[in-house]
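Top to bottom, those sequences are chains G, P and V. Residues in the first sequence are numbered consecutively from 3, following our numbering. Residues in the second sequence are numbered consecutively from 146, following our numbering. Residues in the third sequence are numbered consecutively from 4, following our numbering. Where a beta carbon is used, it is the ideal one built from N, C-alpha and C, also for glycine.
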Amino acid sequence: MSTRETTAPGVAIAVPVAVEKRARPRLKFRDTWWRHAVGIVAVAISLFPVVFIVSSSFNRDNSIGGTSVLPTHFTLGNYSRILHNHVQDASHPGSVDAPFLHWYLNSFVVAAVASFLTVMLGALAAYAFSRFRFRGRRLGMLTLLLIQMFPQVLLVVAIYLIVLNVGSLGGPFHYMDLNTLTALIIVYLGGALGVNTWLMKGFFDTIPSELDESARVDGATPAQIFWGVVLPLAAPVLAVVGIISFIFTFNEFVVASAILQTSAHQTLPVGMRGFIDQQYGQRWGPFTAGALLAAVPVTVLFIAMQKWIVGGLTAGSVKG
Amino acid sequence: MNKKHAIMAVLVVALAAIVAAVAGSVNAAVKAPTLTIWTDADRQTAVTQVANQWAASRGVQVNVVQKQFGNIRDDLGTVAAADAPDVIVGAHDWTGKLAANGLVAPLYPKAATLKQFPAYTLNAFSYGTAVKKLYGAPVAVENIGLVVNTKLAKVPTTWAQLEKEALAFKHKKSGNLAIAVQQGTNGDAYHMYPFFSGLGGYVFGKNHAGNLDPSNIGVASAAFTKHASLVDKWNKEGLINAKVDATTAQSAFLKGQAAFWVTGPWNIDTIKKAGIHFRVIQVPAIVKPAVPFLGVQGFMVTKYAATHDVSAAAQDLVANYMMTPAAQTLLAAANNRYPANTVAGKSVKDPYLAQFGKASVGGVPMPNIPQMDSVWSDLGGAWVKATKGSGATKASVAFKAASRSIANKIG
Amino acid sequence: MNAHVVTAPAVPPARTFRPAWSARAIAAFSGTTGLAVKIVLLSLSNALAAWAGFVLADKGKWPALGVLVLATATLDWIYLSKRTLPLKFLAPGVVFLVGFQIVPILYTINVAFTNYSTGHVISKPDAIQQIKLVSLEAPPSARQYTMAPARDHGGKLVLILREDATGNGYVGTKEGLTPLPAGSVKAGALGIVSAPADYKLVKGAALFGLDAQLQDFTVPTDGDSAIRPQGITEAVELRPTLRYDAKRDVFTRISDGKVFHDNGRGSFVSGKEELEPGWKTYIGASNFRSIASNPLVRAPFLRVFAWTIFFATATVFLSFAIGLFLAIALDKQGMRFQRIYRSILVLPYAIPGFLSILVWAGLLNDDFGVVNRTFHLSVPWLFDANWAKVACILVSVWLTVPYFFLVAMGALQSIPAELIEAARVDGGGPWQRFRRVTLPLLLVATAPLLIASFAFNFNNFNVIYLLTGGGPAQGGSNVAGATDILISYTYKLAIAAGKGNDYGLATAVSIIIFLIVATISGIAFWRTKTLEEIR
């Protein structure tokens, strides 16, 4: 797969495009056996805990990491129960409401909206850093990186207080009050500019500014140049950043648990944490089942967009 | 450019005017006075029931809000006054911190009501460096006990018997545990407390006024250090293994790989479902009675009740209504605990709860003073160091270090 | 970086660039439509700001209102002026950055200069009020009453009282108790049910409207003692033990005359004795000073710092090396199962991090974990100080390798094939080709990512906390365990620092952490000349 193709004569842009397959050179086993060996070992290590997670999700015992890989008491009950929105409660006779599908939907909405907006905001900023020369440009880029190094764990208290105090003022602030998904999305957008902007800037740098020039000569406004010319070409890096953002926000726990208070509004990681509340016995069965269900969209996204991810991540950083 | 400005200006003014009008009307709506209660998921139904019954008899409104149990204590300090609760559910060991932070109001139940409660439940919710005040209405008590799988072992009456049976069971098959008690890398001072008290240890002593004295730390008291070598013996025999964590202990007992499990009433259902015949006793006395830590849950009135002008109502609900036997039965049954009110306790039918109740005799309520925070990890850590198998530290050394560390932290 | 390769010669495009249909559609929105969109969006944001402004003004939050006006005006200027093109692109992202990163950071820095900790949470007026409330004690007589508020014939609020012990009835006013005829006050299960005719009992919802008045209502009995209503059906005789002098701002204990004054650090103290609750206040750089001087904080600091650096460096180095190796190994053109290997190798990234870590904690358990059982080892993964460190690094590498695997894959693909060819022609073997050509280019490409990953792992609270909890407990100091990194150590300080929590101290430590990480990263950026990329 080549990453150097031209879409216009003489202009080299790094875009992942499949190369037409020439007659494949016959790969001798001698060349590739060690590669397969490495691959198999790596796969085994990667899958090692996953196997136990899967096994536990089909196990009635509510335990994890037991001595056997196969579940001792096979059951589909964990899956069926969480999909029916209730879970057996160890300390409570009967079951407790666990609106799993609600959490799933909440997580999905938050992750989708937040990652989409993150990509947009980041792309706008990256374009500015790439194309324009202004005072404070280098300092700005450095600041973006350094800000993200503040320990997030301790920022949570401050973020909680801001959302609390602002949200309770009422009026338009009501929509970003504590316990709303809007507030969570807005908080995530605070981290939109950061390493992602660096990645995108690097990619934008490889899109020759001659394109901008020729479009401007043709009479395009800066907005038209951005939306119509540059952004479409940056699709690979946008996809990568979008996917990374999606994964991060989908699985994010600390901030979400601070802002989302009641069960119906919670996202998946927050809601599922209650399954393994230490004191009252840990319900690993439904927890692992839920986690696997949660990993499905992310994995599908990965597999489907593999090509774009591989091409987009650092294609722009290597100068050539 | 001017036209753009003009259009924009017009639009802004128009929109702002509409919006301000809407906003104004929204602000006009006044909320009727209500009592806000924070409770956890387990108790929500019961609390709603009790609160509504009370509200009906008094002609007030209640608003029951569900939160995670741990968040209740933390959020109380940062919540905005307008959203703050008037009544909260809480564990008794929050009392010291909440009172020191000035977030809860003292309660004055009637003398006749107070008589229905064991002294320790009321003490558990009392705090005060100068004047001791009652801050909470106890509702449910819980404690850990020794759960014995009666099919796999005989119920021991002495410590020596327990030791013998446990070790015999352990040697029957590889993978068996002697006594399944959870620790893990961070330790668990709560679950290890019976062994600690059984050897003569205590956390905080009492001063002459009868209050907990943070300067009197008994983690390495003379009595304990004298018998600390027993811990080393247990470690060598493998009676207690620090590497057992909560999941391991539970699954070992449920799978029949352990005959003795130190745990609490929250697991009664799980054990019953696994079809195990069991009995709950107090850990047999070692050198002294091996009493457990007692946990009391109850309800408190926050300082925000006064801000919201519902303090009288809140006091009435908590100090009056929630301490009556009927309410106590409902609230304690909500998550399957023993009610604090002795009159209500008489009507408890679950035999296992009664057994846990018997296992609590002589127990010590967890200290509720803020200094207790510094104790948990050190005390738990000392146990882990002393019982982690090969490479374990001598118990007397470990506990002396812990005692010093606690003293340093408390200052 | 010296190896630049000449691309295809830069020939000006022969024809105008024609983007795809989607791009044309988006571009169509620019132009006049774009102008319209801009106006609408700007008006909406101004209207929103106006609404918010009304709310803020309504609640009297003048500083916030000022900030709002300033921000709105700035936004308007940015989008209407012709000279602010870069800002037009930066503004949206920066608004959120300032609101939800910078402001929280500033707030957190602010907390570091306060005494925010257990016992110092509320404001001073609230603290004074609360001290007065909790310092009331029961006098020797300690009478309890059943009570009902009532109105006398003049409409004035009074209390009808029935002493629990004796059954005597009284009416209580701010002046004192007046006995009522015997048997005239009857009480039932719900409180007082009947009173003498000239008093009307307040009933129903009106009861609760009296709350504010009842809070202040006291019926003096003898000396300092007074009867105070508690709840709606009870009253208790209490007397104060402290007296507050508002002018001198001191509390005086009545029994022995001890004077408690404001110690400037959020408490009323007299010698070593302290009144609770205290309040939150600024204490200057006290927290930072105590970091240097408090043995509890200082003693393990260096050790924890060293381990944190080692942990972050080892994680990044190993993850990058292994990820790169995997990328190279699986990079062969035409290799079968390539796609499958790649998809599986990124799976750890897709599973929620904290679940994986918890599972690893179970798998690595010394006696009962699968790892030791399957391979017949007896490695004390989690309970020995050194092996626990190894375990932490192993798990964090497991979590990070997929990321660097992807990065390396992409970076490898974008190294121009001509370069490698040129090196091969020059007679270089595979290892030399790698070392001289591939590796330098890779490092330049991924330098910012490596540094960012270092910073992330420097503060990787999750792995440490969930895998080992910072343990096992180490040596003398029991605050910091063997695997505690700076951030988890700070967290422990925050929640277990002597007398409950100490957020002030914790945030002060976290600021130090931030300065350390930022300095290291800044130096790393400078050394790798990454900043030079910003031409």
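task = Using alpha carbons as the reference points, say which of P:V286, P:P230 and P:V207 lies closest to P:R482.
result = Mapped onto the second sequence, residue 482 of chain P falls at position 337. Nearest Cα to P:R482 within the set P:V286, P:P230 and P:V207: P:V286.
key: Proximal chain V residues relative to P:T274, where beta-carbon distance stays under 7 Å   = Indexing the second sequence from 1 puts residue 274 of chain P at position 129. Going along chain V in sequence order, the residues near P:T274 (Cβ under 7 Å) are E279.
ask   = What residues from the segment 239-261 of chain V come within 9 Å of chain P, judged by C-beta to C-beta, listed N to C?
value = Hits within the stretch, in order: V239, L241, T244, L245 and R256.
inquiry  = Between the alpha carbons of G:V272 and V:L90, how many angstroms are there, rounded?
reply    = By 1-based counting over the first sequence, the position of residue 272 of chain G is 270. By 1-based counting over the third sequence, the position of residue 90 of chain V is 87. Rounded to whole angstroms, G:V272 and V:L90 show a C-alpha spacing of 37 Å.
request  = Check the C-beta distance from P:G443 over to P:I289 and give it rounded, since I have them as a contact under 8 Å.
outcome  = As a position in the second sequence, residue 443 of chain P is number 298, starting the count at 1. As a position in the second sequence, residue 289 of chain P is number 144, starting the count at 1. In this structure, P:G443 and P:I289 do not form a Cβ contact; the two beta carbons are roughly 19 Å apart against a cut-off of 8 Å.
message = Please give the ranges of any beta strand (DSSP E) in the segment 409-434 of chain P, keeping only runs that are unbroken, at least 3 residues long and fully inside the region.
response = Counting whole runs of 3 or more residues, the segment 409-434 of chain P contains the beta strand (DSSP E) stretches 423-426.
inquiry  = To the nearest angstrom, how far is the alpha carbon of V:G474 from that of P:L399?
reply    = The sequence position of residue 474 of chain V within the third sequence is 471, counting from 1. The sequence position of residue 399 of chain P within the second sequence is 254, counting from 1. The alpha-carbon of V:G474 is positioned some 28 Å away from that of P:L399.
key: Short CB-CB distance (under 8 Å) between G:M307 and chain V   = Reading the first sequence from its first residue, position 305 is the one you call residue 307 of chain G. At a cut-off of 8 Å between beta carbons, G:M307 makes no contact with chain V.
query = Could you check where the beta strand (DSSP E) with P:I324 kicks off and where it finishes?
reply = In the second sequence, the residue the question calls residue 324 of chain P occupies position 179. Under the DSSP assignment, P:I324 falls in the beta strand (DSSP E) whose first and last residues are L322 to A325.
ask   = In chain order, what residues of the segment 319-336 of chain V put their CB closer than 7 Å to some CB of chain G?
value = Per Cβ criterion, the list reads L329, A332, L333 and K335.
task = Could you name each continuous alpha helix (DSSP H) segment of 4 residues or more that falls completely within the segment 88-159 of chain V, going from the start of the chain to the end?
result = Here the runs fully enclosed are 88-100, 106-115 and 127-137.
query = Within the 8 Å Cβ cut-off, does G:Y129 reach chain V?
reply = To locate residue 129 of chain G, count along the first sequence from 1; it is residue 127. It does: the Cβ of G:Y129 has a partner Cβ on chain V nearer than 8 Å.
task = Check the Cβ-Cβ distances between G:N167 and every residue of chain P, and say whether any is below 8 Å.
result = Residue mapping note: residue 167 of chain G aligns to position 165 of the first sequence, counting from 1. Yes - at least one Cβ of chain P is within 8 Å of the one on G:N167.
inquiry  = Quick check on this structure: which residue in V:V72, V:L180, V:L508 and V:I526 has the alpha carbon closest to the alpha carbon of V:A229?
reply    = In the third sequence, the residue the question calls residue 229 of chain V occupies position 226. The shortest Cα separation from V:A229 among V:V72, V:L180, V:L508 and V:I526 belongs to V:L180.
message = Taking 8 Å as the cut-off, does the segment 326-333 of chain P touch the segment 511-531 of chain P (at least 3 CB pairs, one atom from each stretch)?
response = The segment 511-531 of chain P vs the segment 326-333 of chain P: in contact.
message = On the CB-based measure, 16 or more other CB atoms within 10 Å of its CB, does V:E237 come out buried or exposed?
response = Mapped onto the third sequence, residue 237 of chain V falls at position 234. Under this definition V:E237 is a buried residue.
request  = Could you pull the start and end residues of the beta strand (DSSP E) that P:N208 belongs to?
outcome  = Translated into positions along the second sequence, residue 208 of chain P becomes position 63. Per DSSP, P:N208 belongs to the beta strand (DSSP E) from Q206 to Q211.
Residues within the segment 241-265 of chain G neighbouring chain P, beta-carbon criterion of under 8 Å = For the segment 241-265 of chain G, which is checked against every Cβ of chain P, the residues closer than 8 Å are Q263, T264 and S265.
ask   = Among all the DSSP beta bridges, which residues are the ones paired with V:R242?
value = Taking the third sequence and counting its residues from 1, the one referred to as residue 242 of chain V is at position 239. Under DSSP, V:R242 forms a beta bridge with V:E140.
ask   = With respect to 7 Å, is the separation between the Cβ of V:A295 and the closest non-hydrogen atom of the ligand NAP below this value?
value = Annotation note on the ligand NAP: not contained in the displayed structure, which lists no ligands.
query = In three-state terms, what does DSSP make of V:A521?
reply = One-based indexing of the third sequence puts residue 521 of chain V at position 518. In this structure, V:A521 counts as helix in the three-state DSSP scheme.
ask   = Mind checking if G:V116 is an interface residue toward chain V, Cβ cutoff 8 Å exclusive?
value = Along the first sequence, one-based indexing puts residue 116 of chain G at 114. According to the sequence displayed, residue 116 of chain G carries Ala and not Val. It does not; no Cβ of chain V falls within 8 Å.
request  = Less than 8 Å between the CB atoms is what I'm expecting for P:T452 and P:V249, so what's the real figure, rounded?
outcome  = Here residue 452 of chain P is taken as the residue at index 307 of the second sequence, counted from 1. Here residue 249 of chain P is taken as the residue at index 104 of the second sequence, counted from 1. So it is not a contact: roughly 13 Å between Cβ atoms.
request  = May I have the straight-line CA-CA distance separating P:A368 from V:S513, to the nearest angstrom?
outcome  = In the second sequence, the residue the question calls residue 368 of chain P occupies position 223. In the third sequence, the residue the question calls residue 513 of chain V occupies position 510. Near 41 Å, if we compare the C-alpha coordinates of V:S513 and P:A368.
key: Exposure label - P:N361; buried when at least 16 CB within 10 Å   = Looking up residue 361 of chain P in the second sequence gives position 216. So P:N361 ends up on the exposed side.
ask   = Taking three-plus beta-carbon pairs below 8 Å as touching, is the segment 258-268 of chain G in contact with the segment 158-168 of chain G?
value = Segments in contact, yes.
query = So, is the C-beta of P:K176 closer than 8 Å to a C-beta in chain V?
reply = To locate residue 176 of chain P, count along the second sequence from 1; it is residue 31. Below a pLDDT of 50, predicted positions are generally treated as unreliable, and P:K176, at 46, falls in that range; the measurement from the model is reported next regardless. Closer than 8 Å: no.
task = Output yes if chain G places a C-beta closer than 8 Å to the C-beta of P:K212; else output no.
result = In the second sequence, the residue the question calls residue 212 of chain P occupies position 67. Yes, P:K212 lies at the interface with chain G (some Cβ there is under 8 Å from its Cβ).
task = Measure the alpha-carbon distance for V:A200 versus V:A185 and round it to whole angstroms.
result = If you number the third sequence from 1, residue 200 of chain V lands on position 197. If you number the third sequence from 1, residue 185 of chain V lands on position 182. Rounded to the nearest angstrom, the gap between the Cα atoms of V:A200 and V:A185 is 14 Å.
ask   = To the nearest whole angstrom, what separates the beta carbons of V:G281 and V:G269, a pair I think is in contact under 8 Å?
value = Here residue 281 of chain V refers to the residue found at position 278 of the third sequence. Here residue 269 of chain V refers to the residue found at position 266 of the third sequence. About 4 Å separates the beta carbons of V:G281 and V:G269, which is inside the 8 Å limit, making them a contact pair.
inquiry  = Out of G:L148, G:M122 and G:F289, which one is the CA nearest neighbour of G:S247?
reply    = Reading the first sequence from its first residue, position 245 is the one you call residue 247 of chain G. Checking every option, the nearest Cα to that of G:S247 belongs to G:M122.
request  = Figure out for me which residue from G:V112, G:Y190, G:F60 and G:L195 has the closest Cα to the Cα of G:L148.
outcome  = Within the first sequence, the letter at position 146 stands for residue 148 of chain G. Looking at G:V112, G:Y190, G:F60 and G:L195, the one whose alpha-carbon comes closest to that of G:L148 is G:L195.
query = Run through DSSP, which three-state label would V:V9 get?
reply = Position 6 of the third sequence, counted from the start, is the residue given in the question as residue 9 of chain V. Summary for V:V9: the model assigns pLDDT 35, below 50, so the residue's position carries little reliability, and this model does not support an answer.
inquiry  = Cβ closer than 8 Å: which chain G residues qualify as neighbours of V:L462?
reply    = Within the third sequence, residue 462 of chain V is the residue found at index 459, counting from 1. Looking at the sequence shown, residue 462 of chain V is not Leu but Asn. Contacts between V:N462 and chain G, judged by CB atoms closer than 8 Å, involve M151, P153, Q154 and V155 in chain order.
message = Please classify P:S319 as buried or exposed, where buried requires at least 16 neighbouring CB atoms within 10 angstroms.
response = By one-based count along the second sequence, residue 319 of chain P stands at place 174. P:S319 should be labelled exposed.
ask   = For a contact meaning CB atoms closer than 7 Å, what does G:L163 contact in chain P?
value = Within the first sequence, the letter at position 161 stands for residue 163 of chain G. Identification of chain P residues near G:L163 by a Cβ-Cβ cut-off of 7 Å yields T223, ordered along the chain.
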